[in-house]
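Novice: Numbered per full-length UniProt numbering, the sequence shown spans residues 1 to 336. Where a beta carbon is used, it is the ideal one built from N, C-alpha and C, also for glycine. Below is the structure I would like to discuss, written out as structure tokens.
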Amino acid sequence: MRSARPVGLLLSAAAVVLWAYGMTTWQPLTEPLGPWSEHLPGNNAYWARDLRFMAIMAVPLGLVLAGRGQVRWSGPAVVLGGCWIAADVAIDRADLIGVDATVRLAVAGCAVLGVVAAILLWWERRTPQTREPGTPPAADRRVLTGAACVAGVLTLVAAGMESPTDREPELNQGALATAALLVVLAVGAALAAAPARTRARVGLAAGLTVAGLLGVGLVRAAAPGERLLPEAALGAVLLTGVTLLAWDWPGGRPIWWHHALAALIALVGPVVFLVATAVPMMIMLPIGSTFTELAGNSPIHAADSDLLVSLVGLIAGLGMALLLARPTVEDRRKLR
1 MRSARPVGLL LSAAAVVLWA YGMTTWQPLT EPLGPWSEHL PGNNAYWARD
51 LRFMAIMAVP LGLVLAGRGQ VRWSGPAVVL GGCWIAADVA IDRADLIGVD
101 ATVRLAVAGC AVLGVVAAIL LWWERRTPQT REPGTPPAAD RRVLTGAACV
151 AGVLTLVAAG MESPTDREPE LNQGALATAA LLVVLAVGAA LAAAPARTRA
201 RVGLAAGLTV AGLLGVGLVR AAAPGERLLP EAALGAVLLT GVTLLAWDWP
251 GGRPIWWHHA LAALIALVGP VVFLVATAVP MMIMLPIGST FTELAGNSPI
301 HAADSDLLVS LVGLIAGLGM ALLLARPTVE DRRKLR
């Protein structure tokens, strides 16, 4: 897909701006008043941190799309994401607030992104091309499909984000903006993974984007605690659509029973992976409390849990990628 590079870089830049806004505008809203135990925050209190972390995760996903799944882009993109998380913790500790801080962070972040992209472009031009133009290798297609699966699962997490009060208008704004960005990333990566960009696939991509955005709105419209079914439906539509876009169409038609099986996996898989990741993390690996302490924020009340749902979503997305990032027929035959 010729437009993959500019689209991927544009989406990464949008993620940077969203991260900067979340740091300076939404994060201060989640920080409690006073250190006393009766004022300690409860479950999901640091929702702004999770939305911000998902925006950070969108940056390398956009770079993977810009690099069309090539390892020379994907590897540095993952490293950049890890370094960005570390920088986020340090910046969170500094408690930056206000429009000026938002602009400075956005400009600095886009400058870093620009430097990384320029280095990767230079590296790519110096490396001899071994691939045929317009023919993405199977390995690159798997990477792109996997990135689409990760973005799809993160969409569910962002759309279903809650807080202790669930009354903050900023939470709805942040969840909608983050989830919408991830929907576009998922569809863009899936379309880039297709063996050829046909009118049918482009039309399907447009329809899937609209359906995904409407699904995000429906999830947010549901009352807190009643979002499980809308989230599962959104995941089924979005991830099944990813397979329809990215997988081979032998003879010009999808292998429908393959996609029917994918739809079943897409309906059940995200919820299973999210629960299977969240429960052990709450019991054995309280990584959320570590990030809270490093950022200098008040700990979560002992009766509640400090769960880093963005990390749960990332791991669940990687789990779905293992099942669905099989764009060629040969890839799917290996599951038999």
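Please say whether Leu-9 and Ala-66 have beta carbons closer to each other than 8 Å?
Specialist: Yes.
Novice: Taking the straight line between their C-alpha atoms, what separation do you get for Trp-249 and Ala-139?
Specialist: Their Cα atoms are separated by approximately 18 Å.
Novice: Tell me whether Thr-247 sits in a helix, a strand or coil according to DSSP, three-state version.
Specialist: It is Trp, not Thr, that sits at residue 247 in the sequence shown. It is coil, neither helix nor strand.
Novice: Give the secondary structure of Tyr-46 by DSSP, where H, G and I count as helix, E and B as strand, and everything else as coil.
Specialist: The answer is coil: DSSP assigns Tyr-46 none of H, G, I, E or B.
Novice: Closest to Glu-231 by C-alpha separation, out of Gly-251, Ala-158 and Pro-164, would be which residue?
Specialist: The shortest Cα separation from Glu-231 among Gly-251, Ala-158 and Pro-164 belongs to Ala-158.
Novice: Taking three-plus beta-carbon pairs below 8 Å as touching, is the region 20-31 in contact with the region 103-116?
Specialist: Yes: the two stretches touch, three or more of their Cβ pairs being nearer than 8 Å.
Novice: Along the chain, where does the alpha helix (DSSP H) that runs through Arg-199 open and close?
Specialist: Here the alpha helix (DSSP H) through Arg-199 covers 199-221.
Novice: Return the chain-ordered list of same chain residues with a C-beta closer than 7 Å to the C-beta of Arg-201, the five sequence neighbours on each side being excluded.
Specialist: Cβ neighbours of Arg-201 beyond the five flanking positions: Leu-191, Ala-194 and Leu-245.
Novice: Excluding the 5 residues preceding and the 5 following Ala-180 in the sequence, name in chain order all residues of the same chain whose CB lies nearer than 7 Å to its CB.
Specialist: Cβ neighbours of Ala-180 beyond the five flanking positions: Leu-213 and Val-216.
Novice: Given that a residue counts as buried once 16 or more other Cβ atoms are within 10 Å of its Cβ, and exposed if not, what is Val-184?
Specialist: It counts as buried.
Novice: The alpha helix (DSSP H) spanning Met-320 covers which residue range?
Specialist: From DSSP, the alpha helix (DSSP H) with Met-320 extends over 309-324.
Novice: Once DSSP output is grouped into helix, strand and coil, what is the label at Ala-196?
Specialist: In this structure, Ala-196 counts as coil in the three-state DSSP scheme.
Novice: My output table needs one value for Glu-38: the three-state DSSP class, helix, strand or coil.
Specialist: Bear in mind that a pLDDT of 47 at Glu-38, under 50, signals an unreliable position, so the number given afterwards is only what the model happens to contain. Helix, per DSSP.
Novice: Kindly indicate which three-state DSSP category Asp-95 falls into: helix, strand or coil?
Specialist: Of the three classes helix, strand and coil, the one that applies to Asp-95 here is coil, per DSSP.
Novice: Could you round the C-beta distance between Gly-62 and Ser-12 to whole angstroms and report it? I think they count as a contact, below 8 Å.
Specialist: Contact flag correct, Cβ pair sits at about 3 Å.
Novice: In terms of residue numbering, what span does the alpha helix (DSSP H) encompassing residue 339 cover?
Specialist: The first residue shown for the chain is 1 and the last is 336, placing residue 339 beyond what the model contains.
Novice: Quick check on the DSSP output: the alpha helix (DSSP H) that includes Ala-295 runs from which residue to which?
Specialist: No alpha helix (DSSP H) contains Ala-295, which DSSP labels as neither H nor E.
Novice: Report yes or no: do the region 313-325 and the region 149-166 share at least 3 C-beta pairs separated by less than 8 Å?
Specialist: Output reads yes: the region 149-166 touches the region 313-325.
Novice: Thr-240 and His-259 - do their beta-carbons sit closer together than 8 Å?
Specialist: Yes, these two residues count as a Cβ contact at 8 Å.
Novice: Alpha carbon to alpha carbon, how far is Ile-119 from Glu-170?
Specialist: Using only the alpha carbons, I get a separation of about 36 Å.
Novice: Rounded to whole angstroms, what's the CA-CA distance from Gln-27 to Ala-48? Just pull it up for me.
Specialist: Cα-Cα distance, rounded: 5 Å.
Novice: Say whether chain D places a C-beta atom closer than 8 Å to the C-beta of Leu-274.
Specialist: The displayed structure is made up of one protein chain only, and chain D is not part of it.
Novice: Less than 8 Å between C-beta atoms, sequence neighbours within five positions excluded: which residues of the same chain meet that for Leu-204?
Specialist: Around Leu-204: Gly-241, Leu-244 and Leu-245.
Novice: Excluding the 5 residues flanking Val-312 on each side, which residues of the same chain have their C-beta closer than 8 Å to its C-beta?
Specialist: Excluding positions up to five away in sequence, the list reads Val-157, Leu-274, Thr-277, Ala-278 and Met-281.
Novice: Roughly how far, in whole angstroms, is the beta-carbon of Arg-220 from the beta-carbon of Asn-172, given that I think they are within contact range, below 8 Å?
Specialist: At roughly 6 Å, the Cβ-Cβ gap stays under 8 Å, so Arg-220 and Asn-172 are in contact.
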